[in-house]
Amino acid sequence: MITEAVQERETYLNASHGIKSWLLTKDHKRIALLYLHTITFFFFLGGIFATLIRLELLTPKGTLVSADTYSKLFTLHGVIMVFFFLIPSIPATLGNFFLPMMIGAKDLAFPRINLLSWYLLVIGGCFALYAMLAGGVDTGWTFYVPYSSNYSNTYVIATGLGIFIAGFSSILTGLNFIVTVHRMRAPGMTWFRLPLFVWSNYATALIQVLGTPVIAITLVLLICERTLHIGIFDPARGGDPVLFQHLFWFYSHPAVYIMVLPGLGVISELVSVFSKKPVFGYKIVAFSSVAIAVLGFLVWGHHMFVSGQSVYAALVFSFLSYFVAIPSAIKVFNWTATLHGGSISYATPMLYAFGFIGLFTVGGLTGLFVACLGVDVHVHDTYFVIAHFHYIMVGGTIMAYLGGLHYWWPKMSGRMYPEGWAKLSALVIYLGFNLTFFPQFILGYLGMPRRYWNYPDEFQVLHVMSTAGASVLAVGYLMPLIYFMWSLRYGPIAGPNPWGATGLEWQTSSPPPAHNFEETPIVTTEAYDYAALAAMEEAKVG
Amino acid sequence: MDSHTLTPELQEQFETAAQQKEVSTLGMWIFLVTEIMFFGGLFLAYTIYRKEFAGAFELASNTLNVTIGAVNTAVLICSSFTMVLAVRSAQIGSRKALIVFLILTILLGGVFLGVKAYEWDQKFEEHHVPGPTFHLEKATADDQGPAQLFFSLYFTMTGLHALHMAIGEGLMLFLLWHAYKGKYTPAYYTPVDIGGLYWHFVDIIWIYLFPLLYLIARHKQH
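Residue numbers (the numbering used here), protein chains in the order written: chain A, 94 to 635; chain B, 67 to 288.
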């Protein structure tokens, strides 16, 4: 009988109908779903390129594709995954859906701009797809000059324009989040009552707003250099190619934190709710997000230790890079302390959270290796670096994204996913991931450079392990795609709060009504106050 | 659209009109921060190359026409003044004055862009456009490259600034149309307010561009 009631109630999904009601929607929840579809498409597209890369690397000599095609494959894999999947991933989907709900708002501050930013991502994506279909681009996702400006005979401009346009999508999302958090909080929702997911998205938004314009101007200069030969990066006229690298990494290093900070926020939510304890040291975890955002702007030079920047600059960048470990470690330690003495449930989102903590720790610790000047000279541009950032981006961000997606799926869809399959997917992804990327640490340490289509015979065993792992990983990623779709029709109906979580988003029905709450909530308790939640439930029953 | 409504509809995500106004203003300020970072990349490139090639930059800078630049600076400052008066008129509910000052702002902006177009045209005639035909008199063969860098920066910076001016002109036309329809009242003139913020910001960019591009070596002439 509960089922009947849920079916008939008006929700954001059935408030209006037809394709137009989706393409012109101003509802942040619907826009989040538009994003979800878009980035899922780009994720699997980028995954196809990854598959081809791994297949080519099964054998030491080129067998599947030519060297030129291989260069295009890793470039498109990087461009699609970084700019069209990872950067929008958590903020634009889970953040878009839940940030307003968590602070008790009816919507983001600028709903129309929110819709515009989705369109910008799609338009940017179309440029990238055009470049891909027309013949691809082979510069690597980093677009280093002078290769990208003077020599590459591929679709650099179309790809650059695509990233430029998608960048404005990111800027507008960040702007929307900052204004929303400042001005749209419900009565009683003070800054230190905000869920940590909101804090981490706020810190992310700061980076999006301050960093992304710099990659925008860099791409404008690159396009001008390529079309008009303005000479800014051209040594023939006194220009400096290293300036490009400085400008590029001034954005692209902080962009790493655009990709991972929201994930850190998701994990804070998951660890708390599945151990039924407030996050240990709430304030310091909140501030550590902001600290990562700020420090992230001061370390870009660690990508350029061998690019001819001054030794003194390299020393300072190395020194500052170590500092990023402090707020990152604070998070890991505080999650562990939260677990201590908690009533831990091993539900699927928590399995993903455990996976995240392990992989993020490995990724973070190897970050210290590459921040070290001497070690970096040895492992620079090798598979060690590839493995390191995939532990953060894939092991970190994607685990957190999937964990968050499982956690909030009942709220978004109103239905539960099949728990057994979901647990299996978490396990398969964790194992597949480690089998794919751990051998790459060893490969890199032994001297296998990145971006090569062939390699000496003695590396083959490790490459075969990595490719085998990638196949397992692919199966792991396809599983949620299938059972999430299955659950939309056949999943058991989820109540408003299946996890017993404290956030405001769980105080409203699943799926939520069009304006999120029947009436504006008034917040009287701290975040993660499970005792108050229990008391409230009891009062309701009584 | 009902042109007789004196207060605009409150958008549904807000509780109060005051909240709606605060949100719009904060949004514009943050947007301007992103603009600072956007232009910042160019200012960085300028700073590095000017330090590296001080001589060539001074020679190249001296070929720019300071009088024209100064007149254009004055035009732009006047447009900021008329913009302030437009905001003030909206604040006190004088529709007629608002329309007049918006038109003046648009005209002054147009004058600026016209003068700028004339200056760019001159560069083509003087062979000061970076490319195969580039030649700077008085500069040594070694300095020709860096002098082109100066003009590349000149064109990129003034070009992007002009693009922002053109967008500003579009915004002003939008405001003018709505002012003409009587949409702005002392209770609601947020678009005029934040349009003004944008206009002043674009002016300030020019206030930095003018000395950096036109004035860097004037004292060495005498």
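Note that beta-carbon positions come from the ideal geometry of N, C-alpha and C, so glycine has one too.
Here the structure is a predicted model, which is why all the values come from computation and not from measurement.
### Task
Count the other C-beta atoms from every protein chain shown that fall within 10 angstroms of the C-beta of Tyr246(B), then say buried if there are 16 or more, exposed otherwise.
Counting Cβ neighbours within 10 Å, Tyr246(B) comes out exposed, since fewer than 16 surround it.
### Query
Between which two residues does the alpha helix (DSSP H) harbouring Met94(B) extend?
Here the alpha helix (DSSP H) through Met94(B) covers Ala83 to Glu118.
### Query
For Thr256(B), does the three-state DSSP call read helix, strand or coil?
In this structure, Thr256(B) counts as helix in the three-state DSSP scheme.
### Query
If we call anything under 8 Å between Cβ atoms a contact, is Leu192(A) one with Val291(A)?
Yes, Cβ-Cβ distance for Leu192(A) and Val291(A) is below 8 Å.
### Short CB-CB distance (under 8 Å) between Leu303(A) and chain B
yes
### Query
Relative to chain A, which residues along the segment 90-104 of chain B have a C-beta separation below 9 Å, given in chain order?
Ser90, Leu92, Gly93, Ile96, Phe97, Val99, Thr100, Glu101, Ile102, Met103 and Phe104
### Query
When you compare only the Cα positions, how much space is there between Phe80(B) and Pro347(A)?
32 Å
### Spatial distance of Ala84(B) from Leu76(B) (CA atoms)
Here the C-alpha atom of Ala84(B) lies approximately 10 Å from the C-alpha atom of Leu76(B).
### Query
When the Cα atoms are used, what is the spatial distance from Phe135(A) to Val387(A)?
Our two residues, Phe135(A) and Val387(A), have alpha carbons roughly 29 Å apart in a direct line.
### Query
Beta-carbon separation of Val378(A) and Lys424(A) under 8 Å?
yes
### Query
Rounded to a whole number of angstroms, what is the C-alpha to C-alpha distance between Leu125(B) and Leu279(B)?
11 Å
### Task
Give a yes or no on whether the C-beta atoms belonging to Ser361(A) and Leu287(A) are separated by under 8 Å.
no
### Task
Look at the alpha carbon of Val268(B) and the alpha carbon of Ile143(B), and state the distance between them as a whole number of angstroms.
11 Å
#### Entry: Own chain partners of Leu555(A) with C-beta closer than 7 Å, once the 5 adjacent residues on each side are dropped
Pro532, Ile535 and Leu536
### Which of helix, strand or coil DSSP assigns to Ile491(A)
helix
### Query
Going along chain B in order, which residues have a C-beta closer than 9 Å to the C-beta of Thr311(A)?
Residues of chain B passing the Cβ test: Gly107.
### Query
Is Arg543(A) helix, strand or coil when you go by DSSP?
Of the three classes helix, strand and coil, the one that applies to Arg543(A) here is coil, per DSSP.
### Task
Report the neighbours of Tyr34(B) on chain A: residues whose CB is nearer than 9 Å to its CB, in chain order.
Residue 34(B) lies beyond the stretch modelled for chain B, which goes from 67 to 288, so this question has no answer here.
### Task
Report the rounded CA-to-CA distance for Lys516(A) versus Thr232(A), giving the unit in angstroms.
39 Å
### Query
Using a C-beta cutoff of 8 Å, does Asp200(A) count as contacting chain B?
Chain B contact via Cβ: present.
### Message
Please tell me whether Lys113(A) has its Cβ less than 8 Å away from any Cβ of chain B.
### Response
Output row for Lys113(A): interface = no.
### Task
Closer than 8 Å by beta-carbon distance: list the chain A residues that pair up with Pro212(B), in chain order.
Neighbours of Pro212(B) in chain A, taken as residues at a C-beta separation under 8 Å, are given in chain order as Arg330 and Gly331.
#### Entry: Enclosing alpha helix (DSSP H) for Glu631(A) [first to last residue]
Tyr623 to Val634
### Query
Which residues in chain A sit within 9 Å of Leu242(B), going by Cβ to Cβ distance?
The premise fails here: Leu242(B) is roughly 22 Å from chain A at the closest Cβ pair, so nothing lies under 9 Å.
### Query
On the three-state DSSP scale, how would you describe Arg582(A)?
helix
### Query
On the premise that Thr131(A) lies in contact with Leu214(A), defined as a C-beta separation below 8 Å, what is that separation, rounded to the nearest angstrom?
6 Å
#### Entry: Cβ-Cβ separation, Pro181(A) to Tyr128(A) (assumed contact under 8 Å), whole Å
6 Å
### Query
On the premise that Ser382(A) lies in contact with Gly358(A), defined as a C-beta separation below 8 Å, what is that separation, rounded to the nearest angstrom?
7 Å
### Task
Measure from the alpha carbon of Ala625(A) to the alpha carbon of each residue in Pro606(A), Asn609(A) and Gly593(A), then state which is nearest.
Gly593(A)
### Query
Is Leu278(B) helix, strand or coil when you go by DSSP?
Three-state result, Leu278(B): helix.
#### Entry: For Thr490(A), the nearest candidate out of Ile173(A), Gly356(A), Ile112(A) and Ala125(A) (CA to CA)
Gly356(A)
### Query
Taking the DSSP output, what are the residues bridged to Thr199(B)?
Bridge partners of Thr199(B): none, in fact.
### Query
Closest to Ile102(B) by CA distance: which of Leu166(A), Leu138(A) and Ile310(A) is it?
Ile310(A)
### Message
With the cut-off set at 8 Å, would you say His121(A) and Ile146(A) are in Cβ contact?
### Response
no
### Own chain, CB closer than 6 Å to Ile273(B), minus 5 neighbours either side, in chain order
Around Ile273(B): no qualifying Cβ.
### Task
Taking only runs that begin and end inside the segment 146-231 of chain B, name each unbroken beta strand (DSSP E) of 3 or more residues, in chain order.
DSSP runs (the beta strand (DSSP E)) wholly in the segment 146-231 of chain B: none.
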